[in-house]
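Residue numbers (my numbering): 26 to 98.
Below: the structure, in structure tokens.
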Amino acid sequence: MFVSQHSQPPTQSLVELIQLCGGTVSKTVRQAGICIGRYSGRRPEGSRILSEQWVLDSVTHLKQLSYDDYALE
26 MFVSQHSQPP
36 TQSLVELIQL
46 CGGTVSKTVR
56 QAGICIGRYS
66 GRRPEGSRIL
76 SEQWVLDSVT
86 HLKQLSYDDY
96 ALE
């Protein structure tokens, strides 16, 4: 997944949290199927933009939650 530079909590905090929980973070949105936080640049067709809350709620529930309630588009 890719974490937007405009995310709140800050990007580095989310990246560390994702990695501590076993997730993989990409340096570019082209390499990722999921973008966390608002992103207005070009992205691959079929990729998803999810709110930062999805990461936080997934960690809280100790499982990957459905994307449906967290889509930003």
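Glycine included, C-beta positions come from ideal geometry on N, C-alpha and C.
Bear in mind that the values here come from a model prediction, so they are computed numbers and not experimental data.
Tell me which same chain residues have a C-beta within less than 7 Å of the C-beta of residue i, skipping the five on either side of it?
i: C115; result: For residue 115 there is no data in the structure shown, the boundaries of the chain being 26 and 98.
i: P69; result: R55
i: L97; result: R63, I74, L75 and S76
i: P34; result: E77
i: Q30; result: T36
Check residue i in the structure and name its three-state DSSP category.
i: R55; result: helix
i: V28; result: strand
i: L97; result: coil
i: L87; result: coil
Near residue i, which residues of its chain fall below 8 Å by C-beta distance, leaving aside the five closest residues on each side in sequence?
i: V40; result: V28 and V50
Do residue i and residue j have their C-beta atoms within less than 8 Å of each other?
i: G58; j: R73; result: yes
Excluding the five sequence neighbours on either side, which residues of its own chain have a C-beta within less than 6 Å of the C-beta of residue i, listed in chain order?
i: W79; result: Y95
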